[in-house]
Amino acid sequence: MLKIQEIRELIKLIDQSSIDEFKYEHEGSVVSLKKNEIQTVQAAPVQQQVETRPVEVASAPAPAEQSKETATAAPAQKEEVQEKETDESLHKIKSPMVGTFYAKPSPDADNYVKKGDSVDEESIVCIIEAMKLFNEIEAEVKGEIVEILVEDGQLVEYDQPLFLVK
Amino acid sequence: MVATSMKQKMLEMLNGQEGQFVSGQKISEELGCSRTAIWKHISELRKEGYEVEAVQKKGYRITSTPNHITANEVKLGLNTKHLGQNIVYQESVTSTQEIAHRLAYDDVPEGTIVTAEEQTAGKGRLGRNWHSPKTNGIWVSLILRPKIPPQQAPQLTLLAAVGVVKAIQKETGVLAEIKWPNDVLVNGKKVVGILTELQAESDQIKSVIIGMGINVNTSAAEFPDDIKEKATSLRIEAGKELNRASLLRRILEETETLYEEYLQNGFQVVKLLWESYAVSLGKHIKARTLTGVKEGIARGITNDGVLLLEDDTGEIHQIYSADIEIC
Chain A
1 MLKIQEIREL IKLIDQSSID EFKYEHEGSV VSLKKNEIQT VQAAPVQQQV
51 ETRPVEVASA PAPAEQSKET ATAAPAQKEE VQEKETDESL HKIKSPMVGT
101 FYAKPSPDAD NYVKKGDSVD EESIVCIIEA MKLFNEIEAE VKGEIVEILV
151 EDGQLVEYDQ PLFLVK
Chain B
1 MVATSMKQKM LEMLNGQEGQ FVSGQKISEE LGCSRTAIWK HISELRKEGY
51 EVEAVQKKGY RITSTPNHIT ANEVKLGLNT KHLGQNIVYQ ESVTSTQEIA
101 HRLAYDDVPE GTIVTAEEQT AGKGRLGRNW HSPKTNGIWV SLILRPKIPP
151 QQAPQLTLLA AVGVVKAIQK ETGVLAEIKW PNDVLVNGKK VVGILTELQA
201 ESDQIKSVII GMGINVNTSA AEFPDDIKEK ATSLRIEAGK ELNRASLLRR
251 ILEETETLYE EYLQNGFQVV KLLWESYAVS LGKHIKARTL TGVKEGIARG
301 ITNDGVLLLE DDTGEIHQIY SADIEIC
């Protein structure tokens, strides 16, 4: 029977070849790969096959479930942060995506902003990075930074407050 | 503007003849311009590095094209709808990302690319420098404007890596691999670096700027000592000098195909392809982040492109940003 790694290898080979369609049958399990017009691989039949072999894929769903757990644990932390700062008059600069919070452009540079700095709409306050995609976050509001809620290098959640602005 | 397109058309005519002569008469008839104008354009092409042979009663033919990545060179035979159809080329720049950033703010159309022969301050991750010597590589930034939520944008960095690996394979036969999230390696050494920047306003993407640094014709001796052990070029791996414009065209074509598929059907196909080219999966890795080092087995990626690392105790960590070292 085919292992996940072998299926990946097959996908790669088919993708690189001029073959449009490929089918493999062995002891009742079937792998069929088909490129459509814009040269993509249809993977649905692979999934079907994966389902018939619970032993080999047992390790695969586990990380997914675990990752869900960590994902659900995170909002709880977020709420704590929000509870701590209940002053409604303060504006919160929030993270538009999940990723790593960087307070400065490079490790030996100064922070973009520190407590007490005044910012305007277009001031860059930090960078959020995920998968080497860098997102320079602008304050989008005019005021003074009164609190930095996260540490340099910390993983932040979607919508997590990063700064409080007065 | 008119003069540029005239030169471009002439270049297409001459190139289409594959080394055969094209008469001045024919050029002048097809393009509706005078002999003097033709001569002027031929002179310009020569200045750009084309070798054009002119023989009386026969006409003109191109005997050698420059290994440059000017807009003319790249556009010739480019088979895309948007990507690379608008090219901003400069001989020397600080970094193509910097220029692309400004252009993206100025509402240039999606698919606009910025290329240069040389970057004096090529950007790497976390303020690191990217060695970008003159005429040896492809230093390019692609401007995309996808209508997707900003939190999905990181998927595009994996997409770009797949596009580049496919293009390299088709153009050179060299089999490259991807190290999470999007370093492209050949025989374990880095050949392409990709860095992406997002311009977003609240919940809307203004642009995604994908910067690629590709070591194409760099010779082994040209790499500085500190990166010699970790970097390679396609020329070293393929054993021959490569045409950069032709490789760039392939990259634009492959990337656009994947991008269209992605916009239409989502990340699934790109993810499968990424996994099939991934070198780190199933291996023991070290993930270095600002806050420390995590070690374990790379188990896979999530639907967002996040790396799943299983440590000795069996705990799964989600890695969003790190330098990965394969042990």
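Line by line, the protein sequences give chains A and B. So the first sequence is numbered by my numbering: it starts at 1 and just counts up by one. So the second sequence is numbered by my numbering: it starts at 1 and just counts up by one. All C-beta atoms in this analysis are idealised placements derived from N, C-alpha and C, irrespective of residue type, glycine included.
What three-state label does DSSP hand residue i in the structure shown?
i, result
"Thr289/B", "strand"
"Lys84/A", "Confidence at Lys84/A is low in this model, with a pLDDT of 49, below 50, so its placement is unreliable and the value that follows should be read with caution. Note: Lys84/A maps to helix in three-state DSSP."
"Asn67/B", "coil"
"Glu51/A", "The predicted position of Glu51/A is uncertain, since its pLDDT is 39 and thus under 50; a value taken from the coordinates is nonetheless stated next. In this structure, Glu51/A counts as helix in the three-state DSSP scheme."
"Ile148/B", "coil"
"Glu157/A", "coil"
"Ser276/B", "helix"
"Val46/A", "Caution applies to Val46/A, whose pLDDT of 41 falls short of 50 and renders its modelled position unreliable; the model cannot decide the point."
"Ser328/B", "The structure shown does not extend to residue 328/B, since chain B spans only 1 to 327, so no value can be given for it."
"Ala54/B", "strand"
"Glu222/B", "helix"
"Ile14/A", "helix"
"Thr196/B", "strand"
"Lys81/B", "coil"
"Val269/B", "helix"
"Lys68/A", "Model confidence at Lys68/A stands at a pLDDT of 41, short of 50, so the residue's coordinates are unreliable and nothing is read from them."
"Glu9/A", "helix"
"Lys294/B", "strand"
"Gly59/B", "strand"
List, in chain order, every chain A residue whose beta-carbon is nearer than 9 Å to that of residue i.
i, result
"Tyr320/B", "Val98, Gly99, Thr100, Glu129, Ala130, Met131 and Leu155"
"Ala330/B", "Residue 330/B lies beyond the range of chain B shown here (1 to 327); nothing can be said about it."
"Asn182/B", "Met131 and Lys132"
Which bits of chain B does residue i rub up against, with CB to CB less than 7 Å?
i, result
"Val16/A", "One point to set straight first is that residue 16/A is Gln, not Val, in the sequence displayed. The answer, in chain order, is Gln169."
Check the DSSP bridge columns for residue i and list the partner residues they point to.
i, result
"Trp139/B", "Ala116/B and Gly213/B"
"His91/A", "Val165/A"
"Gln318/B", "Leu308/B"
"Asn129/B", "Lys123/B"
"Lys190/B", "Leu185/B and Ala231/B"
"Cys126/A", "Ile137/A"
"Gln204/B", "Glu201/B"
"Leu2/A", "Partner(s): none; Leu2/A has no beta bridge."
"Ser118/A", "Glu144/A"
"Arg35/B", "Note: Arg35/B sits in no beta bridge, so no partner."
"Thr100/A", "Glu129/A and Leu155/A"
"Ser106/A", "According to DSSP, which records beta bridges pairwise, Ser106/A is partnered with nothing at all."
"Ile301/B", "Leu307/B"
So residue i is in the beta strand (DSSP E); what residue range does that whole segment cover?
i, result
"Tyr24/A", "Glu21 to His26"
"Gly24/B", "Here Gly24/B belongs to no beta strand (DSSP E); instead the alpha helix (DSSP H) covers Gly24 to Leu31."
"Asp323/B", "Asp323 to Ile326"
"Glu110/B", "No beta strand (DSSP E) holds Glu110/B; DSSP gives it neither H nor E."
"Glu177/B", "Glu177 to Lys179"
"Glu241/B", "No beta strand (DSSP E) contains Glu241/B, which DSSP labels as neither H nor E."
"Glu91/B", "Ile87 to Val93"
"Lys34/A", "Ser29 to Lys34"
Got a sec, what are the start and stop residues for the alpha helix (DSSP H) residue i sits in?
i, result
"Asn265/B", "Arg244 to Asn265"
"Thr172/B", "Gln155 to Thr172"
"Thr328/B", "This structure cannot speak to residue 328/B, because chain B is shown only from 1 to 327."
So, does the CB of residue i fall closer than 9 Å to a CB anywhere in chain D?
i, result
"Leu195/B", "The chain labelled as chain D is not found among the protein chains of the depicted structure, namely A and B."
List the residues of chain B whose Cβ lies closer than 9 Å to the Cβ of residue i, in chain order.
i, result
"Ala109/A", "Gly127"
"Phe22/A", "Chain B residues near Phe22/A: none, gap ~14 Å exceeds 9 Å."
Could you name the residues of chain A that residue i contacts, counting a contact when the two beta carbons are closer than 8 Å?
i, result
"Ser276/B", "Arg8, Glu9, Ile11, Lys12 and Asp15"
Under 7 Å between beta-carbons, which chain A residues line up against residue i? List them in chain order, please.
i, result
"Pro146/B", "Within 7 Å Cβ-Cβ: nothing; Pro146/B doesn't reach chain A, min ~12 Å."
"Asp311/B", "Chain A residues near Asp311/B: none, gap ~12 Å exceeds 7 Å."
"Asp323/B", "Those do not exist, as Asp323/B stays about 10 Å from chain A at its closest Cβ, beyond 7 Å."
"Gly282/B", "Gln5"
"Gly305/B", "Met131"
"Pro342/B", "This structure gives no information on residue 342/B, because the portion of chain B shown stretches from 1 to 327."
Along chain B, in chain order, which residues have C-beta atoms closer than 8 Å to that of residue i?
i, result
"Asp152/A", "Leu290"
"Tyr158/A", "Gln151"
"Leu134/A", "A small fix is needed here, since residue 134/A is Phe in this sequence, not Leu. Per Cβ cutoff of 8 Å: Leu195, Thr196, Glu197 and Leu198."
Item checked: Members of the region 19-41 of chain B near chain A, C-beta cut-off 9 Å -> Within the region 19-41 of chain B, no residue has a Cβ lying closer than 9 Å to any Cβ of chain A.
Notebook entry, point to check: Taking a cut of 9 Å between CB atoms, which residues from the region 157-168 of chain B lie near chain A?
Noted result: Against chain A - using a Cβ distance shorter than 9 Å - the residues of the region 157-168 of chain B are Thr157, Leu158 and Lys166.
Next item on the list: May I ask you to list, following chain order, the residues of the region 99-120 of chain B that have a beta carbon less than 9 Å from some beta carbon of chain A?
Entry: Listed by position, the residues of the region 99-120 of chain B near chain A (Cβ gap below 9 Å) amount to none.
Note to self: Tell me which residues of the region 70-86 of chain B have at least one Cβ-Cβ distance to chain A shorter than 8 Å, keeping chain order.
What the structure shows: Within the region 70-86 of chain B, no residue qualifies.
Next item on the list: May I ask you to list, following chain order, the residues of the region 218-239 of chain B that have a beta carbon less than 9 Å from some beta carbon of chain A?
Entry: Legend: CB atoms of the region 218-239 of chain B lying less than 9 Å from CB atoms of chain A are not found in any residue.
Notebook entry, point to check: When you check each C-beta in the region 52-67 of chain B against every C-beta of chain A, which residues fall closer than 9 Å?
Noted result: Near chain A, meaning a CB-to-CB distance below 9 Å, no residue of the region 52-67 of chain B qualifies.
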